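Heads up, the sequence shown stops at 163 in the UniProt record's numbering, and the numbers go up one at a time, no gaps.
Notes to accompany the following structure.
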Amino acid sequence: MQIREIQAKDDAPLKAIIQNNLKHFALDIPGTAYFDPELAHLSRFYDAAQNRAYFVLSDDHDHAVGGCGIAEFDSTHHIAELQKLYLSDQAKGQHYSYDLLRQALVFAKHAGYVSVYLETHHRLKAAIHIYEKLAFKKLPAALSGSLHNSMDLFYIKDLTTFS
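The following block contains the structure:
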């Protein structure tokens, strides 16, 4: 397995991975990434700005088996958003989420962000475990400007001490 930046060929498999994961947890509902307009063309969305990136976990045949993105959330306060951290079933349970997340955090810091915000759901217990293990701090509510109104847990990570 390797981590690389997203390519157009990854769009369809990543859309399926993301939607299959959300459907598995009964989160194939409005207010989640399931219906994000950019989901069918993630490569275009992340390539559209220098301060965005999507990292793909690919197998030995260079097929996408998961990924994780960073994009702007609040440019005034230099806050990025961690987006769409999902893996296929074959890639789960092998700590690849940690590798993807670390890659995304390094990118965010180098892009000039001072913190990374994320929205998740209480049903996504494995993801919550990872965020807490990597020192994301739980917030009492969503930050202003949040679009995923079906998410019910919110976290932020200070990048000023991240290395």
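We put the beta carbon where it would ideally sit given N, CA and C, even for glycine.
As the structure is a prediction and not an experimental result, all values here were calculated from the model.
| Query | Result |
| --- | --- |
| Residue closest to residue 85, alpha-carbon to alpha-carbon, out of 145, 44 and 124 | 124 |
| Cβ-based burial, residue 66 [other Cβ within 10 Å; buried from 16] | buried |
| Cβ neighbour criterion (16 or more within 10 Å) applied to residue 157 | buried |
| Residue 47 - containing alpha helix (DSSP H), residue span | 42-47 |
| 8 Å contact criterion, which residue 143 and residue 118 should meet: CB distance rounded | Incorrect: roughly 10 Å between the Cβ atoms, too far for contact. |
| Backbone CA spacing between residue 9 and residue 96 [nearest angstrom] | 21 Å |
| Exposure label - residue 58; buried when at least 16 CB within 10 Å | buried |
| Whole-angstrom distance between residue 20 and residue 27, CA atom to CA atom | 10 Å |
| Bounding residues of the alpha helix (DSSP H) (the contiguous stretch that carries residue 11) | 11-24 |
| When 2, 6, 3 and 34 are compared against residue 121, the one with the closest alpha-carbon | 34 |
| Alpha carbon of residue 137 to alpha carbon of residue 3, nearest angstrom | 26 Å |
| Rounded Cβ spacing between residue 52 and residue 71 (contact assumed at less than 8 Å) | 4 Å |
| Residue 98 versus residue 130: straight-line alpha-carbon distance, rounded | 7 Å |
| Length-filtered (3 minimum) beta strand (DSSP E) runs lying within the region 63-117 | 64-74 and 79-87 |
| Where residue 39 sits in the DSSP three-state scheme | helix |
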